[in-house]
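The letter at position 250 of the sequence shown is residue 244 when you use my numbering, and the numbering goes up by one with no holes. Using N, Cα and C, we set each Cβ at its ideal position, and we do this for glycine too. Everything numeric in this text was worked out from a predicted model, so none of it was measured. In what follows, a structure is listed as structure tokens, so that the remarks can point back to it.
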Amino acid sequence: MLQGGNGGRDSFSSKFGVIAAAAGSAIGLGNIWRFPYVAGENGGGAFLLIYLLFVAAIGIPVMMSEFVIGRSAQLNPVGAFKKIAPGKKWHLIGILGVVSAFIILAFYTVVAGWTLEYLVQSVKWMLLSNKIGFSEMDNEAVRGFFSNHYETFVSGIWRPIIWFVVMMFFTGYIVISGVKNGIEKYAKILMPILLVLLLILVIRSVTLDGARDGLVFLFKPDFSTIKEAPVKIIIEALGQAFFSLSIGMGTLITYGSYIRKKENLANTAVSVAVADTFIAVIAGVAIFPAVFAFGIDPGEGPELVYITLPVIFQSMAGGLIWAFMFFLLLCFAAITSTISVLEVIVAYFSEQLNMSRRKATILAMISVGFLGIICTVSSEVFSLFNASPDLMLPLGGFFIVVFIGWFLSKEKSRSELSSNGAYRTRFYRLFMFLVKFVAPLAIAFLFALGVYSKVISLFPGIG
Ligand code: PHE
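In structure tokens form, the structure reads like this:
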């Protein structure tokens, strides 16, 4: 995927390569694990509607801005700002991005490790399925079985650590090799298979008795749910949009720096955002009908997917084979995301601190390793890290759009978006309006509300 070009720097070799890599970064656990449970906790339909609005009005403009910055500077997020705005403090946005990358990579790789546990277990369960009586279990029993496994596994010490370390190694290995033939080759084959598999699960799920309630929950906005905790719901929708699109921390500045000059940035951003959102919604359509059909609580929290999917698997011919395939693909989807987060740190270490790619990767892995191990042993730290994207990414995104809207010259952003006049930029005025006014004002307002509500929840006396 990355090839020579751009003055000796690596670059993506084709339009498809760019989209595969950026969509690979965007599509991951955020869509299949995080989206359904966050939507479930926040009332379903109304959350989805707000989420979609944020993706369109804020997410896509931020993504385009990141591509513009990355491609025009051809550097990591810190170096990019130093180059485009020398002598100013804008590069602190890059530093914030690198810090966010450490935090996100730590908890994300832990969850990615869970997929390995479930992958291995599903082989074991397949082999033992007669003994454990999987095909004869009723729904209640299947749920109990998986929920018990989830509890014992997640609260254990060694297994989560081991899977985390394994996942970290895979990620580091791919990043060290410069992302060349490995991940892109597999991502191109496996991501479409993941989509097909999800669609099969959707078909099974929506044909369950009682599925309708799940679809109503997901697609029919019930605004009375928002009244209960409006700030929380809106902030989490914004945070989830940033997290799912991989924006606000320089991942796409970094990937943008590998995009060739002739590629159309706006098209790429829209395709990636559409693909990412489609997969999240499809994951919701696979999960919620089953949640309602089997009487699971949609607000179950992080284990939602891990206890809902098995009941769907069990109601399908082939049972645990589906489980195996699903966790395998989920694991690949996670890796195409973890490498993009690690790449932010590695690009920073190697370009700004003059390290070899290898040394940079090893150093990053060791430091993230410490943080990740803390996440596996402390559920408080895990929850804190898992909640941090909700504020950190919008904060980064705010400065990114302000930079493009108010600092970078219009000629520069326009020529970057039009690839020096090769493409028409009919949307440019709309884009400018969004990055100048809509996105910064909306993010600033919501961020302030978010911080306020966090403070209130920590010190209830003030409110
Ligand atoms: N977007 C990824 C997902 O949805 C996670 C991610 C966040 C990747 C931030 C890179 C940067 O799974």
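Nearest to residue i (by Cα), restricted to the options the options
{"i": "Met162", "options": "Ser407, Phe326 and Ser409", "result": "Phe326"}
{"i": "Trp520", "options": "Thr302, Tyr342 and Ser412", "result": "Since the first residue of the chain shown is -5 and the last is 457, residue 520 is not available in this structure."}
{"i": "Leu212", "options": "Glu35, Phe343 and Ile98", "result": "Glu35"}
{"i": "Pro304", "options": "Ser5, Ala33, Ser116 and Ser19", "result": "Ser116"}
{"i": "Gly22", "options": "Ala223, Val449 and Phe272", "result": "Phe272"}
{"i": "Leu411", "options": "Gly73, Ala263 and Phe393", "result": "Ala263"}
{"i": "Val335", "options": "Tyr422, Gly91 and Phe425", "result": "Gly91"}
{"i": "Ile315", "options": "Leu195, Phe421 and Ile247", "result": "Leu195"}
{"i": "Val136", "options": "Ile306, Arg423, Leu323 and Leu424", "result": "Ile306"}
{"i": "Gly38", "options": "Gly415, Lys255, Phe217 and Phe128", "result": "Phe217"}
{"i": "Leu515", "options": "Gly363, Ile253, Phe139 and Ala260", "result": "For residue 515 there is no data in the structure shown, the boundaries of the chain being -5 and 457."}
{"i": "Val32", "options": "Phe128, Leu322 and Val275", "result": "Val275"}
{"i": "Val395", "options": "Ser377, Pro434 and Gly366", "result": "Pro434"}
{"i": "Ala416", "options": "Ala381, Asn258 and Phe321", "result": "Asn258"}
{"i": "Ile360", "options": "Ala317, Met349, Val159 and Phe29", "result": "Val159"}
{"i": "Phe320", "options": "Glu134, Val190 and Glu130", "result": "Val190"}
{"i": "Asp4", "options": "Pro215, Tyr249, Phe421 and Val200", "result": "Tyr249"}
{"i": "Gly366", "options": "Val105, Pro80, Phe41 and Leu47", "result": "Val105"}
{"i": "Thr459", "options": "Ala40, Lys448, Ser309 and His143", "result": "Absent from the model: residue 459. The displayed extent of the chain is -5 to 457, so no value can be given."}
{"i": "Val462", "options": "Val114, Ala284 and Thr165", "result": "What the structure shows of the chain is the stretch from -5 to 457, and residue 462 is not part of that stretch, so it cannot be assessed."}
{"i": "Asp291", "options": "Asn124, Glu134 and Thr332", "result": "Glu134"}
{"i": "Ser171", "options": "Glu222, Leu47, Pro154 and Ile333", "result": "Ile333"}
{"i": "Ala267", "options": "Ala50, Phe29 and Lys226", "result": "Ala50"}
Any non-hydrogen atom of ligand 1 within 7 Å of residue i CB
{"i": "Ile333", "result": "no"}
{"i": "Ala20", "result": "yes"}
{"i": "Asn258", "result": "no"}
{"i": "Ile227", "result": "no"}
{"i": "Met243", "result": "yes"}
{"i": "Gly391", "result": "no"}
{"i": "Tyr102", "result": "yes"}
{"i": "Ile168", "result": "no"}
{"i": "Asn70", "result": "no"}
{"i": "Ser240", "result": "yes"}
{"i": "Asn25", "result": "yes"}
{"i": "Ile87", "result": "no"}
{"i": "Phe237", "result": "yes"}
{"i": "Ile356", "result": "no"}
{"i": "Ile98", "result": "yes"}
Cut-off 6 Å between Cβ atoms - residues of its own chain near residue i, not counting five sequence neighbours on either side
{"i": "Gly(-2)", "result": "Residue placement at Gly(-2) is poorly supported in this model, since its pLDDT is 42, which falls under 50; the coordinates are not used for a value here."}
{"i": "Asp207", "result": "Phe286"}
{"i": "Gly24", "result": "Phe237 and Ser238"}
{"i": "Lys76", "result": "His85"}
{"i": "Ser265", "result": "Ile13"}
{"i": "Leu452", "result": "none"}
Contacting residues, own chain, Cβ-Cβ under 7 Å from residue i (five flanking each side not counted)
{"i": "Val340", "result": "Val169, Arg351, Ala354, Thr355 and Ala358"}
{"i": "Ile437", "result": "Ile52, Pro388, Gly391 and Phe392"}
{"i": "Glu345", "result": "Leu69, Asn70 and Gly73"}
{"i": "Ile126", "result": "Trp119"}
{"i": "Ile228", "result": "Ile44 and Leu440"}
{"i": "Phe379", "result": "Ile97, Ala100, Phe101 and Cys369"}
{"i": "Glu337", "result": "Val169 and Thr248"}
{"i": "Ile187", "result": "Leu323"}
Same chain only: Cβ atoms within 8 Å of residue i, ignoring 5 sequence neighbours per side
{"i": "Gly1", "result": "Reliability fails at Gly1, whose pLDDT of 48 lies under 50, so the model's placement of it is uncertain and the value that follows must be treated cautiously. Counting only Cβ-Cβ distances below 8 Å, and skipping sequence neighbours, we find Gln68."}
{"i": "Ile368", "result": "Ala100 and Val375"}
{"i": "Val182", "result": "In the sequence under discussion, the amino acid at residue 182 is Lys, which differs from the Val named in the question. For Lys182, where only same-chain residues beyond five positions count, the Cβ hits under 8 Å are Phe10 and Ala14."}
{"i": "Asn414", "result": "Lys255"}
{"i": "Asp203", "result": "Ala287"}
{"i": "Arg153", "result": "Glu111 and Phe147"}
Which runs of the alpha helix (DSSP H) at least 4 residues long sit entirely within the segment 135 to 193? Give them in chain order. 152 to 170
Check whether the segment 101 to 111 and the segment 273 to 293 touch, using three or more Cβ-Cβ pairs below 8 Å as the test. no
Just list the alpha helix (DSSP H) runs in the segment 349 to 411, keeping only unbroken ones of 4 residues or longer that don't cross its boundaries, in chain order. 351 to 371, 373 to 381, 383 to 396 and 404 to 411
Examine the Cβ distances between the segment 51 to 64 and the segment 406 to 416 and report whether three or more of them are shorter than 8 Å. yes
For a minimum of 4 consecutive residues, which ranges assigned as the alpha helix (DSSP H) are wholly contained in the segment 12 to 56? 29 to 35 and 39 to 48
Would you call the segment 82 to 97 and the segment 285 to 296 touching, i.e. three or more CB-CB distances under 8 Å? no
For the 8 Å Cβ check, are there 3 or more pairs between the segment 396 to 403 and the segment 427 to 444? yes
Under 8 Å, with one C-beta from each stretch per pair, do the segment 373 to 390 and the segment 224 to 236 reach the 3-pair mark? yes
Could I get the ranges of all uninterrupted alpha helix (DSSP H) runs contained in the segment 223 to 260, with 4 residues as the minimum, in chain order? 224 to 239 and 245 to 250
Check whether the segment 220 to 234 and the segment 441 to 448 are in contact - that is, three or more C-beta pairs closer than 8 Å. yes
Taking 8 Å as the cut-off, does the segment 45 to 59 touch the segment 239 to 256 (at least 3 CB pairs, one atom from each stretch)? yes
Go through the segment 45 to 110 residue by residue and report every complete run of the alpha helix (DSSP H) that reaches 4 residues or more, in order. 54 to 67 and 71 to 78
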